[in-house]
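Notes follow the structure.
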Amino acid sequence: MKKRIEELLDICLQKIKEGIPVEEILSQYPYYADELKELLATAKKIKDVPLPEPSNIGMASCLVRLGEALQLQKQKPRKARISRLLYFPFPAWAKALVFAVIIIFISWGTVTLSANSLPGDLLYPMKFMTEKVKFFLTANPGGKVELRLIYSEERMQELVRHLDKRRDLNTELLKAMLDEATLALEHISRLPDPAGPVYFSRLQYLNAYQKDVLENLKPKVTSPQQKEELENAIRLCGNRTQWMSRMRIKGVWPGKWGPHCDRR
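Residue numbers (this note's numbering): 1128 to 1391.
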């Protein structure tokens, strides 16, 4: 099974940070090379580019033009391979443009416009890319764990809002929620004491909380297939929480889930 594009982006950004050339990275993922090329080229240069100091008028104009460009592209026929990507419904040039704008926004402290957007909304790609850029620019290991926990909870909140607003269980958001928790666990295993145990406990509580939230969604889901997906996720969160309780008693913090704690 091919990796989702957002997972590849995480991997590629990390490889760039390690100094691996962009072309070498792209050669490892030829299927997504076109989607990744412009974005990775921008990321590679980002640390060497001085950030501008935009005015209110200039920033507003940039947002308007970006929104118009993305909306225009959205109305055009898409390539089959792009239509399969939930989080990246736009071409490489648009992704690179969004990436550059986000860098400015993060430094300027004004990334709030897309905070409440959902998959399918005009500004959701900007929200998603904002998360990726923030993670890429975070050097502190504890900060990376913090972001993974935040992103897992954010996917859960999006899942709830999406179901309430559109009467549909977005299974991609459900999977992303679980995946972020898995990535958080991997980072936690690399932390020294006392940070490791503290974050391990937080992840355990988050899993338990997500299980309760998913339980409350059951009456709102009518599709048999979506019901099955939801039940699997509920069971998974429960298994993870129980496994983490046992690990805490043993005083160990593994970097991977135990048996029955990962998706099948």
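Don't be surprised by glycine CBs; every beta carbon is placed ideally from N, CA and C.
By DSSP, does residue i sit in helix, in strand, or in coil?
| i | result |
| --- | --- |
| THR1257 | helix |
| GLY1385 | coil |
| PRO1319 | coil |
| VAL1348 | coil |
| TYR1158 | helix |
| ASN1297 | coil |
| VAL1379 | coil |
Taking C-alpha atoms, which residue in the options lies nearest to residue i?
| i | options | result |
| --- | --- | --- |
| PHE1378 | ASP1320, GLY1247 and LYS1292 | In the sequence as displayed, the identity of residue 1378 is Gly instead of Phe. If we check each option's Cα against that of GLY1378, ASP1320 comes out closest. |
| LEU1363 | LEU1341, VAL1348, LEU1296 and ILE1376 | LEU1341 |
| ARG1367 | LYS1338, GLU1355, GLU1273 and LYS1347 | LYS1338 |
| ARG1329 | GLY1269, LYS1144, LYS1354 and ILE1152 | GLY1269 |
| ARG1293 | PRO1246, TYR1336, VAL1260 and HIS1314 | PRO1246 |
| PRO1324 | PRO1381, ALA1360, TYR1159 and PRO1148 | PRO1381 |
| ALA1335 | ALA1360, SER1350, PRO1351 and THR1349 | ALA1360 |
| PHE1327 | THR1349, TYR1159, ASN1267 and SER1372 | SER1372 |
| ILE1376 | SER1350, PRO1351, GLN1331 and PRO1386 | GLN1331 |
Taking 6 angstroms as the limit between beta carbons, can you name the residues of its chain near residue i, skipping five residues before and five after?
| i | result |
| --- | --- |
| ALA1308 | SER1279 |
| LYS1347 | LEU1290 |
| MET1304 | SER1279, ARG1282 and MET1283 |
| LYS1142 | ILE1152 |
| GLN1353 | LEU1296 |
| SER1244 | LEU1250, TYR1251 and LYS1254 |
| VAL1272 | ALA1311, HIS1314, ILE1315 and TYR1326 |
Below 8 angstroms on the Cβ atoms is my contact criterion, and I expect residue i with residue j to pass it. Report the Cβ-Cβ distance as a whole number of Å.
| i | j | result |
| --- | --- | --- |
| GLU1258 | LEU1296 | In fact, because the Cβ distance is near 22 angstroms, the residues do not count as touching under 8 angstroms. |
| LEU1318 | LEU1276 | About 13 angstroms; that fails the 8 angstroms criterion. |
| LEU1140 | PHE1255 | Not quite, the Cβ-Cβ distance comes to about 13 angstroms (not below 8 angstroms), so this is no contact. |
Excluding the 5 residues preceding and the 5 following residue i in the sequence, name in chain order all residues of the same chain whose CB lies nearer than 8 angstroms to its CB.
| i | result |
| --- | --- |
| TRP1384 | THR1309, LEU1312, ARG1367 and TRP1370 |
| LEU1421 | This structure cannot speak to residue 1421, because the chain is shown only from 1128 to 1391. |
| CYS1388 | LEU1363, ASN1366, ARG1367 and TRP1370 |
Less than 7 angstroms between C-beta atoms, sequence neighbours within five positions excluded: which residues of the same chain meet that for residue i?
| i | result |
| --- | --- |
| ASP1248 | none |
| GLN1155 | none |
Are the C-beta atoms of residue i and some chain D residue less than 7 angstroms apart?
| i | result |
| --- | --- |
| PRO1148 | Of the protein chains in the structure, only one exists, and it is not chain D. |
Quick check: does the Cβ of residue i come within less than 6 angstroms of any heavy atom belonging to the ligand SAM?
| i | result |
| --- | --- |
| LEU1300 | This structure does not include the ligand SAM; it has no bound ligands of any sort. |
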